[in-house]
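Q:
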Amino acid sequence: MIRMDSLKKDIKRDITGFIRDESGVGVIEVVLILVVLIGLVIVFKDSINSLLTDIFKEINSLSEDVY
Numbered sequence: 003m004i005r006m007d008s009l010k011k012d013i014k015r016d017i018t019g020f021i022r023d024e025s026g027v028g029v030i031e032v033v034l035i036l037v038v039l040i041g042l043v044i045v046f047k048d049s050i051n052s053l054l055t056d057i058f059k060e061i062n063s064l065s066e067d068v069y
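Per the working numbering, the sequence shown starts with residue 3, numbered consecutively.
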């Protein structure tokens, strides 16, 4: 009976330790930040595309003046 009680305590300690373990929290935070950033890019895709197009047109016109 003593062996069974010790085994129950060991199992309870291991399960409690597993539940309180926060070693994977950093990975979850990074994944959530990436999901938010990807969502913002999808929402503002047209605005970002037009902004980048205007920027590259300006760069091309200024570079033609140099050459």
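Where a beta carbon is used, it is the ideal one built from N, C-alpha and C, also for glycine.
1) Would you report the Cα separation of I40 and E60, rounded to the nearest angstrom?
2) In three-state terms, what does DSSP make of S25?
3) Measure the Cβ-Cβ separation of I50 and V43 and say whether it is below 9 Å.
4) Grab me the residues of V32's own chain with a C-beta within less than 8 Å of its C-beta, minus the 5 sequence neighbours each way, in chain order.
5) What span of residues does the alpha helix (DSSP H) with F58 cover, start to end?
A: Judging by the given coordinates:
1) 27 Å
2) coil
3) yes
4) none
5) K47 to V68
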